[in-house]
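Below: one structure, written as structure tokens.
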Amino acid sequence: MCLYCWDTDTTQVSPEIPRPLHPSAVTEKQIVDKRIHDMQNLKKEKRKLSKRFANPAPIPDRGLLWSA
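Under full-length UniProt numbering, the residue at position 2 of the sequence shown is numbered 2, and the numbers go up by one with no gaps.
Shown next as structure tokens:
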């Protein structure tokens with residue numbers, strides 16, 4: 001089956017304007033903001049863990065363990 005079109009303007013068929021973004025499309029700014037947020041969370045976690053493991057737990061006296 002063949003369709004014929006007469007006097008069809010090409011701009012109507014394929015417009016040269018940019019297509020609008022899909023609502024679920026992620027913008028470049030959102031990607032950068034998410035990356036910054038993730039890096040801040042990593043820094044917080046690293047700081048928390050370094051504080052936790054900076055001073056090791058004291059080793060209990062051997063005499064207390066073996067005096068059973």
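For glycine and all other residues, C-beta sits at the position ideal for the given N, C-alpha and C.
- Taking the Cα positions, Phe53 is about 18 Å away from Asn41.
- Straight-line measurement puts the Cα of Ile31 at about 20 Å from the Cα of Lys44.
- Within the model, the alpha-carbon separation for Glu16 versus Val26 is close to 23 Å.
- A direct Cα-to-Cα measurement between Lys29 and Lys48 gives close to 29 Å.
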